[in-house]
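Following: one structure in structure tokens, then a few remarks.
Chains as they are written, first to last, in this note's numbering: chain A, 45 to 593; chain B, 2 to 258.
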């Protein structure tokens with residue numbers, strides 16, 4: 045295929061229209077929708093609202109909850125360990141087990157130690173490497189209402205409206221009230237946020253935010269936060285066991301959660317951990333490819349924690365809603381589904397159709413923005429087709445430098461610029477093609493404002509926890525969420541661990557789960573947790589080219 | 002795909018596989034039948050889990066890349082590095098007083114830098130790695146912080162260094178010192194934290210939480226918006242450091258053979 049500066053001639057024709065309309069579009073932004081308009085658009089075009097994509101959960105404490113089939117499959121699956129597994133040899137006996145070495149887990153472990161636990165008796169178990177997580181991949185920023193023009197109250201309103209008022213208000217209050225404290229903690233840890241010479245943060249808007257409160261570190265915000273947290277945890281002497289995902293939680297005879305069975309991915313041996321308290325921070329589910337969407341998520345984001353918690357008796361909330369990020373890369377094929385940070389729109393780039401026309405306010409909440417892109421490509425037929433068979437809409441990236449001055453893209457969006465350059469596209473000169481991509485699970489395990497689930501001894505934090513964002517999360521609230529609730533869960537779990545000693549280990553809840561499966565008539569050879577997706581052979585092609593082969 | 006992919010031959014750890022062109026190295030390895038556990042992470046160029054060494058037909062050189070960010074080529078002979086050991090002695094950032102000699106004290110091996118530039122040539126992010134190690138030697142913590150900022154800690158530099166320097170650990174410490182000690186703390190933030198701790202917003206938040214849904218929706222719809230244009234500040238602290246030398250000049254190296 046002949047490419048002209050990265051794009052085929054067919055796409056160049058549309059780029060010419062984008063360039064023609066650009067001068068008139070500068071400073072003229074498509075108006076935002078009312079709540080009624082948002083609702084109509086979502087019902088008509090968002091994947092969450094499509095008939096036939098979901099089925100109700102058939103058993104357990106959240107029976108009846110509607111789930112996408114791919115997610116329901118995870119719950120209607122057999123455990124990997126037998127309930128009669130020999131638990132007499134304990135490989136590690138700790139005060140606190142943290143399952144998941146991403147942002148939430150690392151924050152929880154640090155704060156548990158700050159609350160007085162011995163770091164040698166805190167263990168982080170993680171599926172891949174410490175820090176391998178969606179936290180590291182977060183680009184755009186973290187919200188905190190710290191400017192005089194802003195307030196936690198304004199932040200509260202934005203979060204509730206973005207989540208269609210389905211959020212649990214006490215969790216939102218915790219999120220917005222702790223936000224400035226978290227940023228100050230980061231300052232003291234040496235996180236290098238973008239600041240001016242007086243130490244004032246550079247703060248930008250995000251989708252659905254009414255104030256500029258997005259703190260960023262170029263477009264490596266998550267990476268910068270995660271590598272500092274990981275360094276802090278290491279320097280505190282917190283133990284980490286890598287390449288060892290939890291495949292089942294352990295209970296004790298009094299019905300508390302008391303640790304987990306880990307699986308060493310290299311030796312395939314089990315590793316039994318007994319813990320006085322357990323914090324589950326396993327992240328999200330993008331790699332189950334709901335409705336066959338590509339995803340921005342980390343390789344290990346297979347929803348394991350949801351399954352483990354549900355088997356242990358925890359409740360689920362808002363898992364009927366999953367987040368499709370409006371701007372996944374749609375071209376070139378090798379980048380399909382990768383995240384194009386919302387910061388590109390925050391800095392002024394407008395979404396455009398094939399004719400170079402605006403069709404939506406650039407910073408609607410994510411579900412609304414994504415639905416507008418899907419409508420433009422589907423019903424309205426104004427998307428831009430790619431040679432590999434999918435459609436997308438333009439994001440007029442060169443506007444960023446026109447609005448903020450030459451060099452802004454390279455300075456404020458180096459990861460984006462670098463990625464496109466690797467594949468032959470110069471985003472300072474040409475628009476980039478985007479289409480919604482599976483990004484975030486919105487809901488998760490139900491917990492209170494200290495991350496405590498209804499199962500004693502089990503705490504959750506980060507993406508695996510539900511209720512904070514309701515049916516739709518806003519940009520910049522997930523980096524915030526894992527810090528706020530990781531900290532709260534770490535502190536609460538440390539207190540719990542000091543007050544309770546685990547008893548005799550048991551897998552009785554797994555036997556009970558198998559009984560529920562049988563009684564619900566679920567007959568399957570599927571197993572869960574999935575641990576890692578399988579992309580061999582044909583699947584590798586499908587995932588990379590984003591088309592069935 | 003509208004066009005049938007042509008096949009290329011890649012030699013993975015001594016075995017030949019025919020794979021479609023246009024795949025990243027990571028996808029090509031999976032297409033060949035591997036289910037990866039090591040050498041894979043975020044799959045998007047942010048985590049540094051997939052460093053790859055390769056040679057090309059007709060060239061003696063060893064090239065380095067991230068498997069998820071680089072296309073497979075015909076005749077590539079490659080292996081992934083599962084892990085690059087970069088252990089560091091624990092330090093307490095909160096007890097450090099930044100001095101020009103601080104980085105040298107924690108990482109004395111930087112004094113062994115022979116300025117061969119292998120680290121810079123090897124960096125898949127296109128960072129001037131050797132320049133920041135030299136800056137570390139001179140005690141210029143700010144410059145180390147700025148030049149190393151886009152580091153994803155893949156460790157390729159450290160695997161290739163004849164002086165056994167732990168480059169990314171040097172950069173990390175420099176950035177933490179810079180962020181904690183050399184940038185002023187935000188005054189607005191400190192004021193806001195005090196207000197929250199004094200309970201300034203508690204009553205209003207509680208009121209919102211108790212509001213009937215219709216009233217809350219009305220409050221939401223009545224919000225006024227701040228625009229991008231209302232705020233004019235620099236867009237990145239690293240701006241002036243990155244415009245002339247950044248990024249991706251490793252491309253020149255690839256094209257130069």
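Ideal Cβ positions, reconstructed from N, Cα and C, are used throughout, including at glycine.
Under a 10 Å Cβ-count criterion, residue 553 of chain A is classified as buried, with 16 or more other Cβ atoms of the shown protein chains found around its own Cβ.
For residue 529 of chain A, the secondary structure class from DSSP, reduced to helix, strand or coil, is helix. Annotation: the continuous alpha helix (DSSP H) that includes residue 158 of chain A extends over 147 to 158. Those residues of the region 174 to 194 of chain B placed with their C-beta closer than 9 Å to a C-beta in chain A are 174, 176, 177, 178, 179, 180, 181, 182, 184, 185, 186, 187, 188, 189, 190, 191, 192, 193 and 194, ordered along the chain. Separation of the CB atoms of residue 314 of chain A and residue 305 of chain A is rounded to 6 Å, and the pair is thereby assigned contact status at 8 Å. Looking at the DSSP output, residue 259 of chain A sits in a beta bridge with A:186 and A:247. Contiguous beta strand (DSSP E) elements confined to the region 79 to 138 of chain A occur at 98 to 100 and 110 to 112, taking only those with 3 or more residues.
Taking a Cβ-Cβ cut-off of 9 Å, the neighbours of residue 210 of chain B in chain A comprise 200, 213, 214, 216 and 217, given in sequence order. Taking the CA atoms as reference points, residue 142 of chain B sits about 18 Å from residue 261 of chain A. Boundaries of the alpha helix (DSSP H) around residue 180 of chain A: 178 to 181. Per the Cβ contact rule, the region 450 to 462 of chain A is not in contact with the region 408 to 422 of chain A (fewer than 3 Cβ pairs under 8 Å). At least one CB of chain A lies nearer than 7 Å to the CB of residue 45 of chain B.
Along the region 303 to 331 of chain A, the positions whose C-beta sits under 9 Å from a C-beta of chain B are 309 and 310, read in chain order. In this structure, the beta-carbon distance from residue 374 of chain A to residue 436 of chain A falls below 7 Å.
In the structure shown, residue 35 of chain B adopts coil according to DSSP, grouped into three states.
In the three-state scheme derived from DSSP, where H, G and I count as helix and E and B as strand, residue 200 of chain A is classed as helix.
One thing to note: residue 52 of chain B has its Cβ no nearer than 7 Å to the Cβ of residue 77 of chain B. Listed by position along chain A, the residues whose Cβ is nearer than 9 Å to that of residue 151 of chain B are 262, 264, 267, 458, 459 and 462. Comparing alpha carbon positions, the residue from B:74, B:175, B:134 and B:151 closest to residue 97 of chain B is B:175. Look at the beta carbons and you see the region 533 to 553 of chain A not touching the region 102 to 111 of chain A: under three pairs across the two are nearer than 8 Å.
Think of a sphere of 7 Å around the beta carbon of residue 255 of chain A: the chain B residues whose beta carbon falls inside it are 227, in chain order.
Residue range 314 to 324 is occupied by the beta strand (DSSP E) that includes residue 323 of chain A. Interface annotation, residue 508 of chain A: not in contact with chain B, CB-CB separation never under 7 Å. Residue 37 of chain B and residue 31 of chain B have their alpha carbons spaced roughly 7 Å apart. Bounds of the beta strand (DSSP E) holding residue 292 of chain A are 290 to 296.
Listed as beta-bridge partners of residue 452 of chain A by DSSP are no residues whatsoever. Taking CB atoms only, residue 171 of chain B has no neighbour in chain A less than 7 Å away. Exclusion of the five residues before and after residue 214 of chain A leaves 492 and 493 as the residues of its chain whose Cβ lies within less than 8 Å of its Cβ. Taken through DSSP and simplified to helix, strand or coil, residue 351 of chain A comes out as helix. Straight across, the Cα-Cα distance linking residue 221 of chain B with residue 323 of chain A is about 34 Å.
Counting along the chain, no alpha helix (DSSP H) covers residue 435 of chain A; the unbroken beta strand (DSSP E) around it starts and ends at 435 to 439. For the region 496 to 527 of chain A, the set of positions with a beta-carbon nearer than 7 Å to some beta-carbon of chain B is empty. If you check the CB distance, residue 198 of chain A and residue 520 of chain A do not come in under 7 Å. Secondary structure of residue 80 of chain B (DSSP, three-state): strand. Residue 428 of chain A and residue 477 of chain A have their C-alpha atoms roughly 8 Å apart. Within chain B, no residue has its beta carbon less than 7 Å from that of residue 535 of chain A; the closest one is some 16 Å off.
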